[in-house]
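S.K.: In this text, residue positions in the sequence shown follow this note's numbering: the first is 4, and each later residue adds one. Have a look at this one before I ask anything.
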Amino acid sequence: MSKPRSLSRSLKPLLALLLGSAFTMAAPPLPFSPKPKVAEDYPLVLKDDFERDELGEDWEPTDPKAWQITRQGTNRVLDQHRASKYEPPVRSPFNIALAKKVDVEDLVLDLEVHSTGRDYGHRDLCFVFGWQDPSHFYYVHLGKEADPHANSIFLVDGKPRVSIAKTRTKGTPWTDGWHHVRVVRKVATGLIHVFFEDMTTPAMTAQDKTFGHGRIGVGSFDDTGQFDSIQVWGTPTKPAE
4 MSKPRSLSRS
14 LKPLLALLLG
24 SAFTMAAPPL
34 PFSPKPKVAE
44 DYPLVLKDDF
54 ERDELGEDWE
64 PTDPKAWQIT
74 RQGTNRVLDQ
84 HRASKYEPPV
94 RSPFNIALAK
104 KVDVEDLVLD
114 LEVHSTGRDY
124 GHRDLCFVFG
134 WQDPSHFYYV
144 HLGKEADPHA
154 NSIFLVDGKP
164 RVSIAKTRTK
174 GTPWTDGWHH
184 VRVVRKVATG
194 LIHVFFEDMT
204 TPAMTAQDKT
214 FGHGRIGVGS
224 FDDTGQFDSI
234 QVWGTPTKPA
244 E
């Protein structure tokens, strides 16, 4: 007669699953960060925690079917859950959700992000600002490994994107958890600073004055990801509708 397996060994996978599910179900909403000093006296022009069932009219995705509000325990997040059926006019990110009512000059974009794509060299999330139209804007690409097309600050100016970063890290250390990201833009000097987790030392810097204002957005070049607790402080160029 065979000896029965110990109870602890036989139940270990099930217990791990139950504990993981319990943690997910108990996940509280991600808190908003306090206003940083770099935001100076800028007004708060966007604040969204996505605590609703539908995306609504405040966001404009390149492909609405690729975006949804996803529940995580007691929290809800903006979820780009699949690849967008969208072909940009020039080489640039495929998956973008633009804030409809935000057009700013100087800005501080602050948010929590979660990369849900596979783990490979170009695993990424992107952050758009200075958006004029689909062929003219800036974006930040937080990629796992830096190369001419990844982990940099890019300019899209009527032709395929070009890296304009003056300094950058060798890559973004993505995990399967949430991360804090901040993008700072000062139009007068052309300053662009990008922060990942460490809010004191920028992970990337650039200086460019091509676009003096524009819309903001979030997304991914060709991966998937989630976004929450988005705040934008800035100098508006258009009144809220």
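Even for Gly, the Cβ is constructed at its ideal location relative to N, Cα and C. On a predicted model such as this, the values are computed, not experimentally measured, just so you know.
For residue 38, I'd like the list of residues in its chain whose CB is within less than 7 Å of its CB, leaving aside the five on either flank, ordered along the chain.
M.R.: 236
S.K.: For residue 42, name the three-state secondary structure that DSSP assigns.
M.R.: helix
S.K.: Please identify the residue among 50, 234, 227 and 219 whose C-alpha is closest to the C-alpha of residue 135.
M.R.: 219
S.K.: Within 10 Å of its beta-carbon, does residue 150 have 16 or more other beta-carbons around it, so buried, or fewer, so exposed?
M.R.: With fewer than 16 Cβ atoms within 10 Å of its Cβ, residue 150 is classed as exposed.
S.K.: For residue 222, which beta-bridge partners are listed by DSSP?
M.R.: Answer by DSSP bridge pairing, in chain order: 99 and 129.
S.K.: For residue 173, I'd like the list of residues in its chain whose CB is within less than 6 Å of its CB, leaving aside the five on either flank, ordered along the chain.
M.R.: 149
S.K.: Apart from the five residues on each side of it in sequence, which residues of its chain come closer than 6 Å, Cβ to Cβ, to residue 168?
M.R.: 155, 156, 207 and 209
S.K.: Which one or two residues does DSSP pair with residue 207 in a beta bridge?
M.R.: 171 and 197
S.K.: By Cβ distance, which residues of its chain are closer than 8 Å to residue 170, with the 5 residues on each side in sequence left out?
M.R.: 205, 207 and 208
S.K.: From the DSSP output, in three-state form, read off residue 191 for me.
M.R.: Residue 191 falls in the coil class under three-state DSSP.
S.K.: Would you mind reading off the limits of the beta strand (DSSP E) that contains residue 231?
M.R.: DSSP places residue 231 inside the beta strand (DSSP E), whose first and last residues are 228-239.
S.K.: Check whether the stretch 189-199 touches the stretch 78-96, counting contact only when three or more Cβ pairs, one atom from each stretch, lie closer than 8 Å.
M.R.: no
S.K.: Would you please state the rounded distance, in angstroms, between the beta carbons of residue 129 and residue 198? I believe it to be under 8 Å.
M.R.: Not quite, the Cβ-Cβ distance comes to about 15 Å (not below 8 Å), so this is no contact.
S.K.: Just the C-alpha distance for residue 82 and residue 233, rounded to the nearest angstrom, thanks.
M.R.: 13 Å
S.K.: Assign residue 64 to one of three DSSP states: helix, strand, or coil.
M.R.: strand
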